[in-house]
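Participant:
Number of protein chains: 2
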Amino acid sequence: MVSQRPGPNLSRIATSLGVSVATVSNALSGKGRVSDALIEKIRAHAAELGYVPSQAGRALRTGRSGVLGLVLPDIANPLFPKIAQAIESAASAAGYGVLIADSRGDITAQTEAINRLVERGVDGMVVVPRRATRISAASCPVAVIDTASTPGNTVAADHWQGGREIAAHLADLGHRRILIIGNNHESNVQNDRAGGIRSGLQPGMQSETLWIERLENEAGAGCRLGLAEKVRRGFTAFAALSDLQALRALTELQQEGISVPGDVSVTGFDDLIWSSVVTPSLTTVRMDMDTIAEIAVSALTDRISESGTREGVLVTAETERVPMQLIIRQSSGPANPAQKTSEMENR
Amino acid sequence: MVSQRPGPNLSRIATSLGVSVATVSNALSGKGRVSDALIEKIRAHAAELGYVPSQAGRALRTGRSGVLGLVLPDIANPLFPKIAQAIESAASAAGYGVLIADSRGDITAQTEAINRLVERGVDGMVVVPRRATRISAASCPVAVIDTASTPGNTVAADHWQGGREIAAHLADLGHRRILIIGNNHESNVQNDRAGGIRSGLQPGMQSETLWIERLENEAGAGCRLGLAEKVRRGFTAFAALSDLQALRALTELQQEGISVPGDVSVTGFDDLIWSSVVTPSLTTVRMDMDTIAEIAVSALTDRISESGTREGVLVTAETERVPMQLIIRQSSGPANPAQKTSEMENR
DNA sequence: TGCACTTGCTTAAACGATTAAGCTTGGCGC
DNA sequence: GCGCCAAGCTTAATCGTTTAAGCAAGTGCA
């Protein structure tokens, strides 16, 4: 009734060579005691037959599925492609598959998604939470990728340092009044980035912070940010906490006839797909997602192979912060002399 | 040695209730002959113990893993979040998990990724190819999501009709000279979209097509598209074949001091994340990814449950084209009267 | 009463891999 | 020559589920 797996299995190889399945298994895994000659013979025959081990059989016996789960509460996040790519790459290098779970931004659906992954028998999970979400209901090792200030965080980009890079860059260019543009003031990532920027300001520099979500609560979604007014008030640099907000700022400024980087500078975060494509191309800060993913995955696989010490589900890694890299493009330039003078007068 | 699955299994429930495992299995699946009273009792006890069936055991017995693979040769594609979300949603509604595979744009790595999925024992795969790629090496049902003109395509958005929607919209606004902006002229999707636009032009309208990849081969990556020159030559509308190109066009025009939609109109495709956020927000065409995913997944699951008729691996669906929806925002407006007059003179 | 048939359960055999334990054989030391 | 040990293989149990087959008891009918 059920279509049998067509490929050859251990027992077919065994009978075909006149040996036992155990010997074949040992030869292929290199574990037991099998003579070199026989190992060679078995491996050759297995390759010839195109043998692929059944994950189901292996999983049933070993209790390991060889699959990791990837949970992103906000899968519509434009960062998702990079994260998924990096995790998948790191996982498959470690011999694991990646099962995705989505909760469409819904917090309650997140635990449901996690449960689905557990039911599917994942050996571990990588979770990228949006807000501070408690990850507790999972009965397998969990690696959290958020930001260093999040309790229980496993590994993440050094968002704080990224912010300092931005601040140093803008300071070098002579900017004095900086508007930080964020989306949500409850986001740990955005707070760390903003904090990094503020901590990197030189004496004589000042910043204000604009949270778009707050603004939209009053003025409606998709409203103008009122950046032209900010320019009139002497802001010469707009440091967005994500490239999406940087794009929003850039196009609004352009629409108002304000030149970037001639009149003001705009910077972003994350080096998203469009950063290099827009005019002017966006100065931004890139996170080393490949390294982060590698650390997260190896922390998981380490824990999985130990499997004796069950000291809580959250795993930890040696390196908790991975440096971010400043990418200087066209959207940032020297502060406009006119603004600079008015700034000089202010002192 | 191996950490046993902690949860209860069939036999634990069975011994605990003093019945056989087969009865428990039958009661939970509702398949065999079990009295209603016992079914009730078994289900209650299973729920109480928090029983979750072992996918490994089930997979081994049935030969089905309950997992679908998702292959995207170009996972960095900004469409990926929507696709992954839609597929995951449709799959989990059908009781399947989704395993992702990436090939980082590499064609040879694609077959490797497909093989990894097959080795993991997926019951079927959804493949979204970038160019015309032959999907043959898979030993399981495959659904292809590309475009109607691709041979072997299972289901896709009606890109041609989407192009006609754009053309009709621009015609209504009085535009007569339209520049179609695409990335790659070998992409089936982009060709269908461009063809749709051209076929929807009214008498008296004309179009040219600009392929960015060709331009960049000569002028270098990230070069200007020279749209200001096109405006001078009388183009009043720029119809990009993807929102990414639309964004590139929009920002370049703004940088040149050309007003959108005051002087010229810009439209895109796909309704990507930034379309509603930029100023002016992008008029675009959205594909109904949820419906497409649902059709693709149910085509797969149908084939999987038949499992007798092995008439090739590529599955087909009744509905092959899913309509696209025009989203009118701020980036498209009436053709500039000045341009219109010069156009009138041309007649 | 005897036969067929249904109901409700159990027994047991798979699926494919891993692995502990057992069994020969041969070599080596004393 | 005897015992011991290692090498090289086999035997057999096991993971958890599904499902065909079997079996006892009850029901309906002639």
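Protein chains in written order, with the numbering used here: chain A, 1 to 347; chain B, 1001 to 1347. Ideal placement from N, C-alpha and C gives every residue a C-beta, glycine not left out. Here the structure is a predicted model, which is why all the values come from computation and not from measurement.
May I have the straight-line CA-CA distance separating residue 1017 of chain B from residue 1042 of chain B, to the nearest angstrom?
Facilitator: Going from the Cα of residue 1017 of chain B to the Cα of residue 1042 of chain B covers about 8 Å.
Participant: Beta carbon of residue 1277 of chain B, beta carbon of residue 70 of chain A: below 8 Å?
Facilitator: For residue 1277 of chain B and residue 70 of chain A, no; Cβs fall outside 8 Å.
Participant: Quick one: list the residues of chain A neighbouring residue 1248 of chain B, beta-carbon separation under 9 Å, in chain order.
Facilitator: Those are 274, 277, 278, 279, listed as they occur along chain A.
Participant: Looking at the strands, I want to know which residues DSSP matches up with residue 211 of chain A.
Facilitator: DSSP lists A:182 as partners of residue 211 of chain A.
Participant: Step through the CB atoms of chain A and report whether any lies within less than 8 Å of the CB of residue 1049 of chain B.
Facilitator: For residue 1049 of chain B, the answer is no, since every Cβ of chain A falls outside 8 Å of its Cβ.
Participant: What does the alpha-carbon distance come out to for the pair residue 286 of chain A and residue 173 of chain A?
Facilitator: Roughly 20 Å between the two C-alpha positions.
Participant: Quick one: does residue 1106 of chain B have its CB under 8 Å from some CB of chain A?
Facilitator: Closer than 8 Å: no.
Participant: Closer than 7 Å by C-beta to residue 309 of chain A: which residues in its own chain qualify, once you throw out the five before and the five after it? Chain order, please.
Facilitator: In this prediction, residue 309 of chain A scores a pLDDT of 49, lower than 50, which makes its location untrustworthy; no coordinate-derived value is stated.
Participant: Residues of chain B with CB under 8 Å from residue 77 of chain A, in chain order?
Facilitator: Those within 8 Å of residue 77 of chain A in chain B are 1081.
Participant: Just reading off the beta strand (DSSP E) that residue 99 of chain A is part of, what are its end residues?
Facilitator: Counting along the chain, the beta strand (DSSP E) containing residue 99 of chain A begins and ends at 97–102.
Participant: Taking the CB atoms as reference points, tell me whether residue 1099 of chain B and residue 1130 of chain B lie closer together than 8 Å.
Facilitator: No, these two residues do not count as a Cβ contact at 8 Å.
Participant: Within this structure, are the beta carbons of residue 1204 of chain B and residue 1194 of chain B separated by less than 8 Å?
Facilitator: No, Cβ-Cβ distance for residue 1204 of chain B and residue 1194 of chain B is not below 8 Å.
Participant: Would you be able to state if there are at least three C-beta pairs under 8 Å between the stretch 1044–1062 of chain B and the stretch 55–64 of chain A?
Facilitator: Output reads yes: the stretch 1044–1062 of chain B touches the stretch 55–64 of chain A.
Participant: For residue 50 of chain A, which residues of its own chain have a beta-carbon under 8 Å away from its beta-carbon, when the five flanking residues on both sides are left out?
Facilitator: These residues qualify, in order along the chain: 7, 8.
Participant: Excluding the five sequence neighbours on either side, which residues of its own chain have a C-beta within less than 6 Å of the C-beta of residue 329 of chain A, listed in chain order?
Facilitator: Cβ within range, chain order: 281, 282, 283.
Participant: Using three-state DSSP, classify residue 1235 of chain B as helix, strand or coil.
Facilitator: Here residue 1235 of chain B sits in coil by DSSP.
Participant: Starting from residue 39 of chain A, find everything on chain B with Cβ-Cβ shorter than 9 Å and list it in chain order.
Facilitator: Residues of chain B passing the Cβ test: none, with the nearest at roughly 22 Å.
Participant: Report the rounded CA-to-CA distance for residue 113 of chain A versus residue 1293 of chain B, giving the unit in angstroms.
Facilitator: Whole-angstrom Cα-Cα distance: 19 Å.
Participant: Determine, using beta carbons only, whether residue 237 of chain A and residue 178 of chain A come nearer to each other than 8 Å.
Facilitator: Cβ atoms of residue 237 of chain A and residue 178 of chain A: closer than 8 Å.
Participant: So with CB distances below 8 Å, who are the chain A contacts of residue 1084 of chain B?
Facilitator: Ordered by position in chain A, the residues that pass the 8 Å Cβ test against residue 1084 of chain B are 75, 80, 84, 100, 102.
Participant: Going by DSSP in three states, residue 1255 of chain B sits in which element: helix, strand or coil?
Facilitator: Three-state result, residue 1255 of chain B: helix.
Participant: With a threshold of 8 Å between beta carbons, is residue 244 of chain A in contact with chain B?
Facilitator: Taking Cβ atoms only, chain B reaches closer than 8 Å to residue 244 of chain A, which makes this a yes.
Participant: Reducing DSSP to helix, strand and coil, say where residue 1087 of chain B ends up.
Facilitator: Residue 1087 of chain B: helix per DSSP, three-state reduction.
Participant: Quick check: the stretch 1247–1260 of chain B against the stretch 253–260 of chain A, are there 3 or more CB pairs under 8 Å?
Facilitator: With a cut-off of 8 Å, the stretch 253–260 of chain A and the stretch 1247–1260 of chain B count as touching, because enough Cβ pairs lie within range.
Participant: Is the shortest distance between the beta-carbon of residue 218 of chain A and the beta-carbons of chain B less than 8 Å?
Facilitator: Judged by the 8 Å Cβ criterion, residue 218 of chain A is not in contact with chain B.
Participant: Measuring CA to CA, which of B:1118, B:1200, B:1128, B:1014 is closest to residue 1080 of chain B?
Facilitator: Closest option to residue 1080 of chain B, Cα to Cα, is B:1128.
Participant: Assuming residue 1286 of chain B is part of the beta strand (DSSP E), what are its boundary residues?
Facilitator: First-last of the beta strand (DSSP E) with residue 1286 of chain B: 1284–1287.
Participant: CB-CB under 6 Å to residue 1263 of chain B, same chain, minus the five flanking residues each way: which ones, in chain order?
Facilitator: The answer, listed in chain order, is 1336.
Participant: What does a CB cutoff of less than 8 Å around residue 296 of chain A pick up in its chain, not counting 5 residues either side in sequence?
Facilitator: Excluding residues within five positions, the ones whose Cβ falls inside 8 Å are 87, 90, 126, 143, 145, 154, 155, 317.
Participant: Examine chain A for any beta-carbon lying closer than 8 Å to the beta-carbon of residue 1060 of chain B, and answer yes or no.
Facilitator: True, the Cβ-Cβ gap to chain A drops below 8 Å.
Participant: For residue 89 of chain A and chain B, any beta-carbon pair shorter than 8 Å?
Facilitator: True, the Cβ-Cβ gap to chain B drops below 8 Å.
Participant: Establish whether the CB of residue 1231 of chain B and some CB of chain A are separated by less than 8 Å.
Facilitator: Residue 1231 of chain B does not count as touching chain A.
Participant: Residue 109 of chain A by DSSP, collapsed to three states: which one?
Facilitator: Reduced to three states, the DSSP call for residue 109 of chain A is helix.
Participant: Using a Cβ-Cβ distance under 8 Å, would residue 56 of chain A count as near chain B?
Facilitator: So yes, residue 56 of chain A belongs to the interface.
Participant: Using the beta-carbon count (16 or more within 10 Å), is residue 1261 of chain B buried or exposed?
Facilitator: By the neighbour-count rule (16 or more Cβ atoms within 10 Å), residue 1261 of chain B is buried.
Participant: Just by C-beta distance, which residues in the stretch 1107–1121 of chain B are closer than 7 Å to chain A?
Facilitator: Residues 1116, 1119, 1120, 1121.
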